[in-house]
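Colleague:
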Amino acid sequence: MHFSELIKTIKERREALQVTQEGLAELSGVGLRTLKQFESGKGNPTLSTLHKISDVLGMEICLKIKNVTHTK
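Under the numbering used here, the first residue of the sequence shown carries the number 1, and numbering increases by one thereafter.
Written as structure tokens, this is what we have:
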């Protein structure tokens with residue numbers, strides 16, 4: 001999933017749950033400015049920040065490590 005898709009998914013989930021940015025910031029412990037920057041595509045949140053936001057929204061962030069084949 002590209003970062004822009006992640007932003008869209010989280011924003012849509014927040015809106016579907018009728019949670020304001022202010023409410024999400026308060027519930028997640030993430031700064032309002034950080035959240036606004038993230039949703040506008042200007043921020044670069046840490047994995048910890050994404051976890052806090054997604055947890056409040058009932059979502060889960062999963063990382064997938066690509067299988068890299070080394071050439072000899």
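Even for Gly, the Cβ is constructed at its ideal location relative to N, Cα and C.
For the candidate residues Leu-17, Gln-21, Gly-31, whose alpha-carbon lies nearest to that of Gly-58?
Modeller: The candidate whose alpha carbon is nearest that of Gly-58 is Leu-17.
Colleague: How long is the line joining the alpha carbons of Arg-14 and Ala-25, rounded to whole angstroms?
Modeller: Computed Cα separation, rounded: 11 Å.
Colleague: Measure the alpha-carbon distance for Gln-22 versus Lys-66 and round it to whole angstroms.
Modeller: Position check: residue 22 holds Glu in this sequence, whereas Gln was assumed. If I take the Cα positions, the gap works out to 36 Å.
Colleague: Measuring CA to CA, which of Thr-71, His-2, Lys-11 is closest to Ser-40?
Modeller: Of the listed residues, the one whose Cα sits closest to Ser-40 is Lys-11.
Colleague: Here's the rule I'm using: 16 or more other beta-carbon atoms within 10 Å means buried, otherwise exposed. How should Leu-35 be labelled?
Modeller: It counts as buried.
Colleague: Assign Gln-37 to one of three DSSP states: helix, strand, or coil.
Modeller: In this structure, Gln-37 counts as helix in the three-state DSSP scheme.
Colleague: Is Gln-74 helix, strand or coil by DSSP?
Modeller: Residue 74 is absent from the model: the chain starts at 1 and stops at 72.
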